[in-house]
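Taken in sequence, the protein lines are chains A and B. With positions in the first sequence counted from 1, the corresponding number in the numbering used here is that position plus 60. With positions in the second sequence counted from 1, the corresponding number in the numbering used here is that position plus 46.
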Amino acid sequence: MIIAERKPLEEIKNMLSGYKEILVVGCRTCVTICWAGGEKEVGILSSQLKLASSREGNELSILEATVERQCEKEMVIEELRDKVQEVEAILSMGCGVGVQTIAEIFEEKPVFPALNTTFIGMPEAEGVWVEKCGACGDCMLYWTGGICPVVRCAKGLLNGPCGGTRRGGKCEVDPEKDCAWVLIYRRLEKQGRLDLMERYYEPKNYRAVKRPGRIEAATA
Amino acid sequence: MAIPFREALKTKDFIVTAEAAPVKGANTEKMQEHIELLKDRVDALNVTDNQSSVMRYPSLGTCLLIKEHGGEPILQITCRDRNRLAIQADLLFAFSRGISNVLCLTGDSIDVGDHKEAKPVFDLDSVQLIHLVHTLNSGKDMAGNELDGGVDFCIGASATPSADPIEPQLVKFRKKLNSGVDFIQTQAVYDLEELKRCMEHAHKVDRKVKVLAGIVLLVGAKMAAFMNENVPGIFVPEYLIDELAQAPKGTGLSKGIEIAGRLITQIREEKICDGVHIMAIGREERVPEILEAAGL
Numbered sequence: 061m062i063i064a065e066r067k068p069l070e071e072i073k074n075m076l077s078g079y080k081e082i083l084v085v086g087c088r089t090c091v092t093i094c095w096a097g098g099e100k101e102v103g104i105l106s107s108q109l110k111l112a113s114s115r116e117g118n119e120l121s122i123l124e125a126t127v128e129r130q131c132e133k134e135m136v137i138e139e140l141r142d143k144v145q146e147v148e149a150i151l152s153m154g155c156g157v158g159v160q161t162i163a164e165i166f167e168e169k170p171v172f173p174a175l176n177t178t179f180i181g182m183p184e185a186e187g188v189w190v191e192k193c194g195a196c197g198d199c200m201l202y203w204t205g206g207i208c209p210v211v212r213c214a215k216g217l218l219n220g221p222c223g224g225t226r227r228g229g230k231c232e233v234d235p236e237k238d239c240a241w242v243l244i245y246r247r248l249e250k251q252g253r254l255d256l257m258e259r260y261y262e263p264k265n266y267r268a269v270k271r272p273g274r275i276e277a278a279t280a
Numbered sequence: 047m048a049i050p051f052r053e054a055l056k057t058k059d060f061i062v063t064a065e066a067a068p069v070k071g072a073n074t075e076k077m078q079e080h081i082e083l084l085k086d087r088v089d090a091l092n093v094t095d096n097q098s099s100v101m102r103y104p105s106l107g108t109c110l111l112i113k114e115h116g117g118e119p120i121l122q123i124t125c126r127d128r129n130r131l132a133i134q135a136d137l138l139f140a141f142s143r144g145i146s147n148v149l150c151l152t153g154d155s156i157d158v159g160d161h162k163e164a165k166p167v168f169d170l171d172s173v174q175l176i177h178l179v180h181t182l183n184s185g186k187d188m189a190g191n192e193l194d195g196g197v198d199f200c201i202g203a204s205a206t207p208s209a210d211p212i213e214p215q216l217v218k219f220r221k222k223l224n225s226g227v228d229f230i231q232t233q234a235v236y237d238l239e240e241l242k243r244c245m246e247h248a249h250k251v252d253r254k255v256k257v258l259a260g261i262v263l264l265v266g267a268k269m270a271a272f273m274n275e276n277v278p279g280i281f282v283p284e285y286l287i288d289e290l291a292q293a294p295k296g297t298g299l300s301k302g303i304e305i306a307g308r309l310i311t312q313i314r315e316e317k318i319c320d321g322v323h324i325m326a327i328g329r330e331e332r333v334p335e336i337l338e339a340a341g342l
């Protein structure tokens, strides 16, 4: 899933300055699960914005909506078509894809991002999400025991750990994080596949995804 | 006039290199003083590449200064700041100007340096960088194009004898050796048993590779303890920290020089490895004293 974090209230307030009628739009998919932009967060941010603005003598009129998937045009149109007519600006609490989907459909209205989209990851514990995939377009997880060195190694190294590994197999960059290559070693050891560690991996092909990425299904 | 480092690796019983640390700024006076002081006393001067991810005068520029002064430079190249095009271009330029030794490193993380918001490159890793230099040596670039005017680099790589856990590090070490390197330069090492294990490991893969033990000059007990806490891959044993702590006030640096001299002497006398690489980190002017303390 896509992980995101809400921007600081001050930044959001500054983005919206000059607009009085605003539609705040959440998404029920990834950003709901990472507590950043679901229906609940839409309610909280709307209240905070109203309160903060009214303190400055500036009354905001806020409409709220939450789309099942902000990255799907049909769902966005269905949910927002009427509400958009009543506002001057849209504040999206979706990921960067959600923001752009809304902006593409309602071209005449300014759309602002309330979130910073951070990575593709998963929940690790209550309220903790970790990055797992870099969407590199050239998956090598089958060689590395199902642990991605591209994003879980701070340097994205493909041929083993750097010399900066801390005692106990922690990362040079952050002693709280595990060295991905130590994890890979231990996983492959458990599977009796340590021979995979010895393999030389060629430099990554950065054309695996030609940016900006676009895929057409063979059957389309 | 210095002999090529590759020759020194082949002919000398005990090889000594020293680190030349580029300055922050364009004033090269101090570096030139250090180069003059050391160029005839060591087999090569090894120049760091934006060491610790702190932006400085370039490794390539400092290597040129060493050449101009008649010394033998080793160009350190990290994968942190340049992609494969930039690295190859720099190597071509280096070779065209008489710089023919390269130490292939991954590079410290951007996060430990002074430009923490920069984009880390790491298009290649250190093993891939070794392969790249071999490719250039074969007369082609990484894309398979013929080079007009080839290169012939003497290739070095690093090792971390004190890593914990050591096994994943050894896998990487083997990959470097299997890629073909002329010399290995270790991270600072104070526990000579660890160095012996590193040597045994190296010789299992490549009997001919030359290994230089990294010697970082300790300037006091505080610095040693700080390195243990903060510099991954370096471990100063307790007994050395005690020795530094017991040195009379103001003599920490002299004690450090004595310790470095002693370590080098022991490495040489017991033939633990093929030489040393001295890193004086900001005290380059004291390197001659270390050499004297080691009887070199």
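We treat Cβ as the ideally placed atom computed from N, Cα and C, and that holds for glycine.
When A96(A), Y79(A), V91(A), M75(A) are compared, the shortest CA-CA separation from R66(A) is found for A96(A). By the Cβ neighbour-count rule, R314(B) is buried, with 16 or more other Cβ atoms within 10 Å of its own. For Y245(A), the residues of chain B that pass the 9 angstroms Cβ criterion are P211, E213, P214, V217, in the order they occur in the chain. Ranking D127(B), N92(B), L175(B) by CA distance to the CA of V100(B) puts D127(B) first.
In the DSSP assignment, no residue is bridged to E232(A). For a Cβ distance threshold of 8 angstroms, nothing in chain B lies close to G205(A): the least Cβ distance comes to about 12 angstroms. Taking the Cα of P170(A) as reference, the smallest distance to any Cα among Y79(A), I137(A), K73(A), D198(A) is reached at Y79(A).
As the crow flies, the alpha-carbon of E232(A) is around 15 angstroms from that of I212(B). In this structure, C131(A) is the residue among C131(A), K250(A), S121(A) with its C-alpha nearest to the C-alpha of C90(A).
In the three-state reduction of the DSSP assignment, L138(B) falls in the helix class. Contact annotation for F168(B) against chain A: K215, G216, L217 [CB-CB distance below 8 angstroms, chain order].
Here the alpha carbons of M200(A) and G103(A) stand approximately 41 angstroms from one another.
When DSSP states are grouped into helix, strand and coil, M269(B) belongs to the helix group.
About 5 angstroms separates the beta carbons of A234(B) and G260(B), which is inside the 8 angstroms limit, making them a contact pair. Residue burial annotation: R226(A) is buried, with at least 16 other C-beta atoms found within 10 angstroms of its C-beta.
Taken in chain order, the complete alpha helix (DSSP H) segments of 4 residues or longer contained in the region 159–238 of chain A are 209–212.
Counting only unbroken stretches of 3 or more residues, the beta strand (DSSP E) elements lying wholly within the region 245–325 of chain B are 256–262, 321–325, in sequence order. For the options R329(B), E331(B), G328(B), V322(B), the alpha carbon positioned closest to that of A340(B) is the one of V322(B). In this structure, DSSP gives K186(B) an extended state, which the three-state scheme calls strand. At the C-beta level, V242(A) and G229(A) come within 8 angstroms of one another. Scanning its chain for C-beta atoms nearer than 8 angstroms, with the 5 sequence neighbours on each side dropped, one finds around T181(B) the residues D187, M188, in chain order. Classified as exposed, Y202(A) has fewer than 16 neighbouring CB atoms from the shown chains inside 10 Å of its CB. Looking at the DSSP output, E213(B) shares a beta bridge with no other residue.
The beta carbon of D59(B) sits no closer than 8 angstroms to any beta carbon of chain A. Boundaries of the alpha helix (DSSP H) harbouring S107(A): 99–115, taken from the DSSP string. Ranking S208(B), S155(B), K250(B), A90(B) by CA distance to the CA of E240(B) puts S208(B) first. C-alpha of S300(B) to C-alpha of I336(B): approximately 9 angstroms in a straight line. A185(A) sits exposed, since fewer than 16 C-beta atoms from the chains shown fall within 10 Å of its C-beta. Its Cα nearest to that of M61(A), the residue T178(A) stands out among T178(A), R253(A), A278(A), P272(A). Taking 7 angstroms as the cut-off between beta carbons, none of the residues of the region 74–103 of chain A comes near chain B. Identification of residues in the region 251–264 of chain A having a C-beta nearer than 9 angstroms to some C-beta of chain B yields L254, M257, E258, R259, Y260, Y261, E262, P263, K264, given in sequence order. Within the DSSP bridge table, the entry for E249(A) names no partner. The CB of S155(B) comes closer than 7 angstroms to the CB of A214, K215, G224, E232, V233 in chain A, given here in chain order. The region 87–95 of chain B makes contact with the region 114–124 of chain B, as at least three CB pairs between them are under 8 angstroms. Per DSSP, F229(B) is one residue of the beta strand (DSSP E) stretching across 229–234.
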